[in-house]
Structure formats: C-alpha cells, structure tokens
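For what it's worth, my numbering labels the leading residue of the sequence shown as 14, then goes sequentially.
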Amino acid sequence: MPISPVATEIREVQLSNLLQQTCFLLAKPLHTSRPYPNLPYIASANNENPNPAELRTDIFYVTTLDYSFATFSAVKGSGQLWRVDMTGYPQSSLVTLVADLSNPTQPNGVIAVPGSTKILVADYVQGVVWRVDVNSGAVNSSALAASGVNGIHAPGNGYLYFSNTGASSCDDFALYPGVSSTAAFLMDGGSNRVVFIPGNGNLFTTIANISCPTAAAFGKCSGDQNSLYVSSTGGDQGYADNPVLVGRRLTKMVIA
14 MPISPVATEI
24 REVQLSNLLQ
34 QTCFLLAKPL
44 HTSRPYPNLP
54 YIASANNENP
64 NPAELRTDIF
74 YVTTLDYSFA
84 TFSAVKGSGQ
94 LWRVDMTGYP
104 QSSLVTLVAD
114 LSNPTQPNGV
124 IAVPGSTKIL
134 VADYVQGVVW
144 RVDVNSGAVN
154 SSALAASGVN
164 GIHAPGNGYL
174 YFSNTGASSC
184 DDFALYPGVS
194 STAAFLMDGG
204 SNRVVFIPGN
214 GNLFTTIANI
224 SCPTAAAFGK
234 CSGDQNSLYV
244 SSTGGDQGYA
254 DNPVLVGRRL
264 TKMVIA
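What follows is the structure, encoded as structure tokens:
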C-alpha cells in the first residue's frame with residue numbers, strides 16, 4: 014500500500030523575540046537569543062543556533078556561530094559545539110563548551126550517533142560533516158564530503174541520511190517514525206512548503222505551505238508521536254533587508 018500521509022490539523026504559534034528559530038527539538042525549552050527565567054540559553058543575538066541533538070536523556074548538544082545576515086557570512090573561527098545538561102530542569106542547566114569548530118561557514122544539521130560519543134554537524138556551504146567526540150573534544154571534518162549536505166539523520170540502521178541544499182533548495186527533514194526507514198518530510202524553504210517523500214522514487218507530495226520552513230521533528234511524548242513540529246523563519250533575505258527582531262513560527266501538523 015502506498016504511503017500517503019495527510020496533515021489533518023495545522024496550528025501555528027508566533028515566536029517573538031527570537032532572531033531565527035527556537036530549538037524546539039528539545040524535550041524541554043531551549044531558547045537561542047535572550048535569557049528567560051529558568052530556561053538555559055547560549056550566545057548573543059548575533060549568534061545562530063541550529064538544531065540541537067540529544068545524545069543521552071536530557072543531555073543536548075548545540076552549535077553556535079557568529080553569523081551576519083547582512084553579509085550572509087560567518088566570522089572565521091567563531092563556530093563552537095556546546096553541551097547543555099538539562100537533567101536538573103527546571104533548575105539551572107549546566108552549559109559546557111565541548112569543542113571549537115576551526116573554520117565552519119554554515120553548520121546546520123546536528124545529530125547524535127546512536128550508541129557512541131560522537132556528534133555530527135553538517136556544514137552545507139563547505140559540503141562537509143564535522144564529527145566531534147564529546148568526551149575528548151576531537152574534531153574530524155573528513156567524516157563525509159558531500160556538496161550541500163544540510164539536514165542529517167542517523168536512525169541507527171547503519172546509514173546516514175541527508176538533504177542536499179547544493180542540489181536544490183531543501184533544508185532539514187524528519188524521518189517518518191515507524192513507517193519506513195527512507196520516508197521523510199522535507200523542508201523546502203525555496204518553495205515555502207513541506208513535502209512528503211516516500212523514499213521509493215522521485216515522487217513527492219506537498220503537505221503544507223509554510224513560509225521558509227527550516228527544521229522539523231516528530232513529538233516524543235505518548236499521544237503526540239504523529240505530530241510533526243516545524244519551525245519557520247519567514248525568510249533570511251527579509252531579515253537582511255530589514256534587520257528587526259520579529260516573531261517566527263512553530264507549526265504543529267497532525268499527520269494521519
């Protein structure tokens with residue numbers, strides 16, 4: 014039977030005071046641009062925080078980068094990988110620098126390698142995946158060389174799945190849990206839409222139209238595992254033309 018999911022319910026939440034997006038993949042809140050009571054935070058308003066990765070329960074890893082939306086370039090040597098220990102939440106979380114990424118240009122996809130001490134960080138401008146050992150802080154940039162590699166996932170089946178921004182306009186994606194190892198929901202920021210790809214050919218279906226979707230994840234809690242959460246920025250170019258902090262959106266789609 015062909016897989017044809019449908020978004021039966023769509024809810025949007027306005028995210029104010031955030032420069033680019035909320036790291037919504039966490040089981041608990043992690044905001045990126047300004048401190049809130051009892052919420053951990055990293056970096057200043059100029060720093061970009063791509064999606065975090067959970068290596069162990071409530072232990073998350075996130076990259077930061079001093080990035081200018083005026084020039085669409087990063088400050089050389091500003092890339093870093095941080096550990097955010099939220100095991101004591103809602104008490105203060107411990108934030109620790111793990112490693113410096115010597116010369117990243119646009120790190121985005123961040124994942125934990127199941128059953129290891131490794132974090133993978135995709136840099137879609139350089140076309141490399143940075144591999145970081147969270148215990149030693151050792152960094153290896155030759156883990157993978159694929160032009161435009163962006164969103165990445167390692168579901169534990171021995172394969173690394175990634176989207177390729179260099180070959181199209183796709184960003185992050187979410188694998189369809191419990192359905193297929195290759196079926197995925199892809200964020201197509203260039204066409205302002207979320208598309209479903211069954212993974213058995215070149216066919217795809219548009220699930221929703223969202224302005225510049227950037228990242229996606231399925232809910233982890235009981236009764237929420239068929240909910241797809243999508244963050245959207247409204248477009249980087251719009252911020253470059255008018256650099257004012259405005260609300261972004263987090264959209265919940267119930268997939269049937």
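Cβ atoms here follow ideal geometry from the backbone N, Cα and C, with glycine treated the same way.
For Asn205, the closest alpha carbon among the candidates Pro190, Phe231, Tyr189 and Thr227 is that of Thr227. Bridge partners of Gln93 according to DSSP: Thr77 and Asp113.
Shown here for Ser81: not one same chain residue has a beta carbon closer than 7 angstroms to its own, the five before and five after excluded.
Spanning the alpha carbons of Tyr242 and Gly101 requires a straight line of approximately 25 angstroms. If you draw a 10 Å sphere on the C-beta of Pro65, you find 16 or more other C-beta atoms in it, and that means buried. With a contact defined as Cβ atoms closer than 8 angstroms, Gly92 and Thr76 qualify at about 6 angstroms.
Check the Cα spacing between Val142 and each of Ala83, Ser105, Ile132 and Ile210: the tightest is with Ile132. In this structure, Asn222 keeps its C-beta atom at 8 angstroms or more from the C-beta atom of Ile268. In the DSSP assignment, Ala83 falls outside any beta strand (DSSP E), carrying neither H nor E. Taking 8 angstroms as the upper bound for CB-CB distance, Ala230 and Gly212 are not in contact here, some 18 angstroms apart. Judged by DSSP in its simplified three-state form, Ser204 adopts helix.
Checking the DSSP bridge columns, you'll see Val134 partnered with Val123 and Trp143. Here Asn213 carries a coil assignment [DSSP, helix/strand/coil]. Residue pairing for Val108: DSSP places it in a beta bridge opposite Val97.
The Cβ atoms of Thr130 and Asp113 lie no closer than 8 angstroms to each other. For a cut-off of 8 angstroms, the C-beta gap from Ala125 to Leu78 is around 19 angstroms, too long to register as a contact.
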